[in-house]
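Chemist: After the structure tokens below, expect a handful of questions from me.
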Amino acid sequence: MIGEELIQLLTPEGQRVAHPEYESTLGGDEVFSFYRDMVIIRRLCNEATSLQRQGQLALWAPLQGQEAAQIGAGRALEPMDFTFPSYREHGIAWTRGVPPADMLRIFRATTTGGWDPQKYRHSVPTVVLGNQALHAVGYAMGVQRDGAEEAVMTFFGDGASSQGDVLESFVWAASFNAPIVFILQNNQWAISEPSSLQAKIPLYHRAHGFGFPGFRVDGNDVLAMYEVTKRALDNARAGGGPTLIEAYTYRMGAHTTSDDPTRYRIDAEVEMWKHRDPVERTKALLAREYKVKKAAFDEVAAEAETLALQLREDVLAMDAPDPITMFDDVYADAHPLVDEGRREMIELGVSVGPR
Amino acid sequence: MTTTTMTMAKALNEGLRRAMEKDRRVLLMGEDIGKLGGVFRITDGLQKDFGEDRVIDAPLAESAIVGTAVGLAVRGYRTVVEIQFDGFVYPAFDQIVSQVAKLHKRTDGVYTMGLVIRLPFQGGIGAIEHHSESPEAYFVHTAGLRVVACSTPNDAYWMIQQSIEHDDPVIFCEPKSRYWEKGEVDLDNPPRGLFDAEVRREGSDVTVVAYGSMVKTALRAAEAAAGEGVSVEVIDARSLSPLDLDPMIASVEKTGRLVVVQEATKSASVGSEIVAELTERCFYSLRAPGVRVSGYHVPYPPSRIEDAFRPSVDRVLDGIDRVMGYA
Numbered sequence: 003m004i005g006e007e008l009i010q011l012l013t014p015e016g017q018r019v020a021h022p023e024y025e026s027t028l029g030g031d032e033v034f035s036f037y038r039d040m041v042i043i044r045r046l047c048n049e050a051t052s053l054q055r056q057g058q059l060a061l062w063a064p065l066q067g068q069e070a071a072q073i074g075a076g077r078a079l080e081p082m083d084f085t086f087p088s089y090r091e092h093g094i095a096w097t098r099g100v101p102p103a104d105m106l107r108i109f110r111a112t113t114t115g116g117w118d119p120q121k122y123r124h125s126v127p128t129v130v131l132g133n134q135a136l137h138a139v140g141y142a143m144g145v146q147r148d149g150a151e152e153a154v155m156t157f158f159g160d161g162a163s164s165q166g167d168v169l170e171s172f173v174w175a176a177s178f179n180a181p182i183v184f185i186l187q188n189n190q191w192a193i194s195e196p197s198s199l200q201a202k203i204p205l206y207h208r209a210h211g212f213g214f215p216g217f218r219v220d221g222n223d224v225l226a227m228y229e230v231t232k233r234a235l236d237n238a239r240a241g242g243g244p245t246l247i248e249a250y251t252y253r254m255g256a257h258t259t260s261d262d263p264t265r266y267r268i269d270a271e272v273e274m275w276k277h278r279d280p281v282e283r284t285k286a287l288l289a290r291e292y293k294v295k296k297a298a299f300d301e302v303a304a305e306a307e308t309l310a311l312q313l314r315e316d317v318l319a320m321d322a323p324d325p326i327t328m329f330d331d332v333y334a335d336a337h338p339l340v341d342e343g344r345r346e347m348i349e350l351g352v353s354v355g356p357r
Numbered sequence: 004m005t006t007t008t009m010t011m012a013k014a015l016n017e018g019l020r021r022a023m024e025k026d027r028r029v030l031l032m033g034e035d036i037g038k039l040g041g042v043f044r045i046t047d048g049l050q051k052d053f054g055e056d057r058v059i060d061a062p063l064a065e066s067a068i069v070g071t072a073v074g075l076a077v078r079g080y081r082t083v084v085e086i087q088f089d090g091f092v093y094p095a096f097d098q099i100v101s102q103v104a105k106l107h108k109r110t111d112g113v114y115t116m117g118l119v120i121r122l123p124f125q126g127g128i129g130a131i132e133h134h135s136e137s138p139e140a141y142f143v144h145t146a147g148l149r150v151v152a153c154s155t156p157n158d159a160y161w162m163i164q165q166s167i168e169h170d171d172p173v174i175f176c177e178p179k180s181r182y183w184e185k186g187e188v189d190l191d192n193p194p195r196g197l198f199d200a201e202v203r204r205e206g207s208d209v210t211v212v213a214y215g216s217m218v219k220t221a222l223r224a225a226e227a228a229a230g231e232g233v234s235v236e237v238i239d240a241r242s243l244s245p246l247d248l249d250p251m252i253a254s255v256e257k258t259g260r261l262v263v264v265q266e267a268t269k270s271a272s273v274g275s276e277i278v279a280e281l282t283e284r285c286f287y288s289l290r291a292p293g294v295r296v297s298g299y300h301v302p303y304p305p306s307r308i309e310d311a312f313r314p315s316v317d318r319v320l321d322g323i324d325r326v327m328g329y330a
């Protein structure tokens, strides 16, 4: 199914494998820190799912299964690079320093954004599929005009890869040689539709048709994701143009908490991917090659637990905003219709009665 | 005061040039805007003078033209995008309403969507289908966008510069049937603010509000009406979002009669909005219901019969007759 084109440096069993063009440059401490990131973001994600089940979030889009794809790509970024996510990039947000509670604001429906995108150099979630790919390319064109040595990265899935905006972003990136890396997380499912419905060829092949390189990486292999992404980012900063990286991975959970994957996919497939777990294979490598002891793993688990409890506390303390704030920042400058609405709300009071 | 006579097309060209000279972060992007100077030559010569990095010939995809301008705005650039014809703006509709209109809000004001979407709009040039539409109401309906329409070379020269300097996204509607008409342009002083309406002709019996191509039509109708003893005040709305209601209110309070003229179809249109707002605000001054003289509720017709679709002087006069028919 995957074929020999898959770039892999670490097997599902946690064994290193040689690749003719890539080798891991990470030392033991770095691999351990990547492991820590993956454990923490998985734990936070599970906490968010629980919070949704308990009625504390309107919705949650879990990333479970895609930790290596995101941590590997995110850790390859330099601080001045800029990223444009979709709505499942919690792992990327974590690597950019976005506070976990801020990641949940949009899902608690207290905002439509969540954080200051310029502060973290990580744009706000984009819910309309593929829109962000064009923003990323435009930003990259700005980087070129500034003569800056920065790269831009954007994220979308196998489903969004059918969107016109994504394909148009490929045209633009190629034509203008934009310093951008496209991370296509092929998690096999676009809600209920299999990736085979989106593409009759391996998705990364599409890049060649647009005139820039594309690679398929084992998206559950954090070492490979890091190396391939890092080289693509370096290439972009050096003026080498765009790269498409298809992170071949799997959405272990539901599309969102509103989804029921048992209606469209079989247990055997999920079981098969469990054996390709990104966190477990990294742990196996650390234990065997770097002799990381159980105590160190336990310490990471405990840290993740603490962060999850903190996240819960932060989310529960997150109140609905004052309704009057809906009139803020609609425009940069005053607009009479916005002012009229604000005045009416002040005069009549907020009306949230039956309807 | 330095004034000079030029066409609206030239005035837009000069306005863009001046904006680019003032601010190096102003870029132009669109289809065929470089060497060709745009299909209407609005950007003629600008790529030669400012380079291919600032006057960008875009691949042919409108969503990407707007979507990449959003990314450039995040980076601090102010991109003036040209949509070649009104009827080609719809592929970019998603980016305009989902992103351009909302990103300032979504980021609590961090992103400034300082981009201008130039939209040659309305008909009257004998074109084939999709080249003569009036889509302004879609954008007026969307919170987060501002929409303006120029009607004279002087306004074109100044309003394009004011739109570029403004921090909100502006849909800049250009009446393409008036591109080649000449007028005086004052190169020193802007006529008024970007979002201000302007009384083009004073009168006492009927208020006619128009914008874009229809301002001139309304003025011609006013001239004809004067010959029949009806005094018509013509207001150029200029800004469609926000609407500058105060001069319209003052006028209707004086005349008690309102006609709005637009090429767009009537249903849920800018004209409908103007009639509704003025009915609400001038109810006791009105001596007749407000009348909309509009394009008919049909797809824009083949241009051999477009003159039967676009409001003519006669149809405006008919609208004036209808409001004058009330006591």
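Respectively, the protein sequence lines represent chains A and B. Using the working numbering, you'd call the opening residue of the first sequence number 3 and step up by one each time. Using the working numbering, you'd call the opening residue of the second sequence number 4 and step up by one each time. Virtual Cβ for every residue (Gly too), placed ideally from N, Cα, C. Here the structure is a predicted model, which is why all the values come from computation and not from measurement.
1. Opposite residue 81 of chain B in the DSSP bridges: which residues?
2. Count the C-beta pairs between the stretch 8 to 20 of chain B and the stretch 141 to 150 of chain B that are closer than 8 Å, then say yes if the count reaches three, no if not.
3. In angstroms with no decimal places, state the Cα-to-Cα distance between residue 70 of chain B and residue 95 of chain B.
4. Got a sec: is the Cβ-Cβ distance from residue 15 of chain B to anything in chain A below 8 Å?
5. List, in chain order, every chain B residue whose beta-carbon is nearer than 8 Å to that of residue 56 of chain A.
6. Measuring only between beta-carbons, confirm whether residue 88 of chain A sits less than 8 Å from chain B.
7. Using a threshold of 8 Å, state whether the C-beta atoms of residue 121 of chain B and residue 65 of chain B are closer than that.
8. State the Cα-Cα distance for the pair residue 90 of chain A and residue 217 of chain A, rounded to the nearest angstrom.
9. Can you list, in chain order, the residues of its chain with a C-beta nearer than 6 Å to that of residue 33 of chain B? Leave out the 5 residues immediately preceding and following it.
10. Could you check whether residue 184 of chain B and residue 6 of chain B sit closer than 8 Å to each other, using their CB atoms as the reference points?
11. Using a Cβ-Cβ cut-off of 7 Å (strictly less than) and excluding sequence neighbours within five positions of residue 78 of chain A, which residues of its own chain qualify?
12. Just checking: is the beta-carbon of residue 79 of chain A within a distance shorter than 8 Å of some beta-carbon in chain B?
13. Quick one: grab the DSSP three-state call for residue 163 of chain A.
14. Enumerate, from N- to C-terminal direction, the unbroken alpha helix (DSSP H) stretches of 4 or more residues contained entirely within the stretch 202 to 242 of chain A.
15. Looking at C-alpha atoms only, which residue of A:130, A:279, A:248 is the closest neighbour of residue 254 of chain A?
16. Are the C-beta of residue 21 of chain B and some C-beta of chain A separated by less than 8 Å?
17. Measure the alpha-carbon distance for residue 269 of chain B versus residue 176 of chain B and round it to whole angstroms.
18. If we call anything under 8 Å between Cβ atoms a contact, is residue 98 of chain A one with residue 122 of chain A?
19. Measure the Cβ-Cβ separation of residue 143 of chain A and residue 176 of chain A and say whether it is below 8 Å.
20. So for residue 178 of chain A, helix, strand or coil by DSSP?
21. Taking only runs that begin and end inside the stretch 150 to 201 of chain B, name each unbroken beta strand (DSSP E) of 3 or more residues, in chain order.
22. Grab me the residues of residue 21 of chain A's own chain with a C-beta within less than 8 Å of its C-beta, minus the 5 sequence neighbours each way, in chain order.
23. Here's the rule I'm using: 16 or more other beta-carbon atoms within 10 Å means buried, otherwise exposed. How should residue 3 of chain B be labelled?
24. From residue 252 of chain B to residue 199 of chain B, what does the alpha carbon distance come to, in whole angstroms?
25. When you check each C-beta in the stretch 108 to 136 of chain B against every C-beta of chain A, which residues fall closer than 9 Å?
26. Which two residues bound the contiguous beta strand (DSSP E) that contains residue 243 of chain B?
27. Once you ignore the five residues that flank residue 192 of chain A on each side, which residues in its own chain have a CB closer than 7 Å to its CB?
28. State the Cα-Cα distance for the pair residue 169 of chain A and residue 163 of chain A, rounded to the nearest angstrom.
29. For residue 196 of chain A and residue 190 of chain A, I'd like the C-alpha separation in whole angstroms.
30. May I ask you to report which of helix, strand or coil DSSP gives residue 224 of chain B?
31. Which of the three DSSP states is assigned to residue 338 of chain A in this structure?
32. Quick one: what does DSSP say residue 62 of chain B is sitting in, helix, strand or coil?
33. Would residue 326 of chain B be called buried (16 or more neighbouring beta carbons within 10 Å of its own) or exposed?
Modeler: On the basis of the supplied data:
1. B:29
2. no
3. 8 Å
4. no
5. Correct list: empty, because the minimum Cβ distance to chain B is about 27 Å.
6. no
7. no
8. 21 Å
9. 61, 84, 85
10. no
11. 228, 231, 232, 235
12. no
13. helix
14. 207 to 212, 224 to 239
15. A:279
16. no
17. 18 Å
18. yes
19. no
20. coil
21. 173 to 178, 185 to 189
22. 9, 10, 11, 226
23. Here chain B covers residues 4 to 330 and nothing more, so residue 3 of chain B does not appear.
24. 13 Å
25. 108, 109, 110, 111, 112, 113, 114, 115, 116, 117
26. 242 to 244
27. 159, 160, 161, 200
28. 7 Å
29. 6 Å
30. helix
31. helix
32. coil
33. buried
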